[in-house]
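Report on one structure; see the data block that follows.
Residue numbers (full-length UniProt numbering): 1 to 213.
Structure, rendered in structure tokens:
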């Protein structure tokens, strides 16, 4: 087992550990006192240079907001991308400076008067308020809760309508056909032919004896 602990290979999965001890490191680590991490770059300007010199703001030159269409045409800008490159950027105006007597931050809550804390005025006020609320709750009439109706689907509504029409029977909604006044009493040929075919035959109804006579 001691030989296994002394083994240091490149594969940490093959390293064996002893009972009750941590697994030995299989990587080649630097010597003690080595500082890990990336070294920071040293700033050429220190506190002395910062306090002794001050860079003042230089105001940018004022440019005209009018577009020079002649220069745009000469540059040959044909698409929106070329126009965006040649066009001047939108001017963002400087925000108005805050007043000199402005105080930044959130306003603190006013302090609670110590007299009210010692005399327990806030406790008595809260007790009275809770009693009033209880009185209102007891005197207030109870509102009866209505049982919500059963919500029906469109399929159920159509089914109920069909059952009603089935019980009542089919509604006769036959509209009168349009006819000229002089043709109102004239029957159709089909009805006339049917009436003729339904008339009883006299020869058949008379029987054999009557037919001979």
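Even glycine gets a Cβ: it sits at the ideal position worked out from N, Cα and C.
For residue 62, the nearest candidate out of 34, 16 and 92 (CA to CA): 92
Of the residues 51, 58 and 84, the one placed nearest residue 67, counting alpha carbons only: Comparing Cα-Cα distances from residue 67 to each of 51, 58 and 84, the minimum goes to 84.
Straight-line gap, residue 123 to residue 132 (C-alpha atoms, nearest Å): 14 angstroms
Whether residue 39 touches residue 26 by CB criterion (8 angstroms): no
Where residue 47 sits in the DSSP three-state scheme: helix
Nearest neighbour of residue 59, chosen from 116, 164, 94 and 137 [CA to CA]: 94
Test item: CB-CB of residue 214 and residue 23 under 8 angstroms: What the structure shows of the chain is the stretch from 1 to 213, and residue 214 is not part of that stretch, so it cannot be assessed.
Length of the line joining the Cα atoms of residue 41 and residue 69: Computed Cα separation, rounded: 49 angstroms.
Secondary structure of residue 16, DSSP reduced to three states: DSSP places residue 16 in coil when its eight states are reduced to three.
Top-ranked residue by Cα proximity to residue 154, from 178, 162 and 168: 162
Start-end ranges of the alpha helix (DSSP H) lying completely within the stretch 77-158, minimum 4 residues: As for any alpha helix (DSSP H) of minimum length 4 sitting wholly inside the stretch 77-158, the runs are 80-86, 114-118 and 121-139, ordered along the chain.
Extent of the continuous alpha helix (DSSP H) run through residue 69: Per DSSP, residue 69 is one residue of the alpha helix (DSSP H) stretching across 69-75.
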